[in-house]
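Okay, so the sequence shown: first residue is 18 according to the working numbering, each after it adds one.
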Amino acid sequence: MRYRRNAPFRYVFEHPLTARFYISKVNNEIVKTSNGEATIIDISPEGAKLNTSLRLHPSADNLIQLTLTFELNNQEFDIRTEVIWEKPKAKSYDYGVQFITDDMTKKQLTEQLKTYARNHVTDSI
Numbered sequence: 018m019r020y021r022r023n024a025p026f027r028y029v030f031e032h033p034l035t036a037r038f039y040i041s042k043v044n045n046e047i048v049k050t051s052n053g054e055a056t057i058i059d060i061s062p063e064g065a066k067l068n069t070s071l072r073l074h075p076s077a078d079n080l081i082q083l084t085l086t087f088e089l090n091n092q093e094f095d096i097r098t099e100v101i102w103e104k105p106k107a108k109s110y111d112y113g114v115q116f117i118t119d120d121m122t123k124k125q126l127t128e129q130l131k132t133y134a135r136n137h138v139t140d141s142i
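Right under this line is the structure:
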């Protein structure tokens with residue numbers, strides 16, 4: 018497998034991170050739904066893998082944007098995302114989301130992820 022040096026790192030949470038979200042856009046129509054609950058399974062400065070009991074039905078004809086809210090090291094993040102893929106599970110759904118945000122937010126997220134990773138190192142010995 019080839020290593021991509023320019024690809025951002027991805028942090029996989031040992032215990033998924035609690036998050037909430039609402040649908041903010043369907044195709045080109047701005048909407049605002051009530052909050053849904055999700056867990057963040059893994060995350061990078063570019064996107065995340067979420068799990069939720071709600072089915073969102075993303076497709077090429079149904080482009081969905083979410084606003085995702087979560088806390089990392091006592092810093093709250095509100096990030097617009099686009100749902101890229103969906104994978105059904107037994108009683109829930111995994112979603113891949115791509116962040117739609119500025120470089121400053123990506124930098125803050127990267128710093129908080131590094132701090133989180135340092136503080137949550139598991140001893141594998």
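Don't be surprised by glycine CBs; every beta carbon is placed ideally from N, CA and C.
Measuring alpha carbon to alpha carbon, tell me which of the options ends up nearest residue i.
{"i": "PHE116", "options": "ILE101, ARG135, THR132", "result": "ILE101"}
{"i": "SER41", "options": "LEU80, ARG72, GLU93", "result": "LEU80"}
{"i": "GLY64", "options": "LYS49, VAL43, SER51, PHE94", "result": "PHE94"}
Buried or exposed: residue i, going by 16 or more other Cβ atoms within 10 Å of its Cβ?
{"i": "PRO62", "result": "buried"}
{"i": "PRO75", "result": "buried"}
{"i": "ARG19", "result": "Because ARG19 sits at a pLDDT of 44, beneath the cut-off of 50, its placement in the model cannot be relied upon, and the point is left open."}
{"i": "ILE47", "result": "exposed"}
{"i": "THR98", "result": "buried"}
{"i": "THR35", "result": "exposed"}
{"i": "PHE87", "result": "buried"}
{"i": "LYS106", "result": "exposed"}
{"i": "THR132", "result": "exposed"}
Who pairs with residue i in a beta bridge, going by DSSP?
{"i": "VAL100", "result": "VAL114"}
{"i": "ASP59", "result": "VAL29, LYS66"}
{"i": "GLU54", "result": "ARG37"}
{"i": "VAL43", "result": "GLU46, ILE81"}
Report the rounded CA-to-CA distance for residue i versus residue j, giving the unit in angstroms.
{"i": "THR50", "j": "ARG37", "result": "12 Å"}
{"i": "ASN52", "j": "GLY113", "result": "18 Å"}
{"i": "VAL43", "j": "GLN92", "result": "28 Å"}
{"i": "LYS124", "j": "GLU54", "result": "25 Å"}
{"i": "LYS108", "j": "ASP120", "result": "36 Å"}
{"i": "LYS104", "j": "ASP111", "result": "5 Å"}
{"i": "LEU73", "j": "THR84", "result": "13 Å"}
{"i": "PHE26", "j": "THR56", "result": "19 Å"}
{"i": "LEU126", "j": "LEU89", "result": "8 Å"}
{"i": "TYR39", "j": "ILE96", "result": "11 Å"}
May I have a chain-ordered list of the beta strand (DSSP E) segments no shorter than 3 residues that lie completely inside the region 67-98?
-> 81-89
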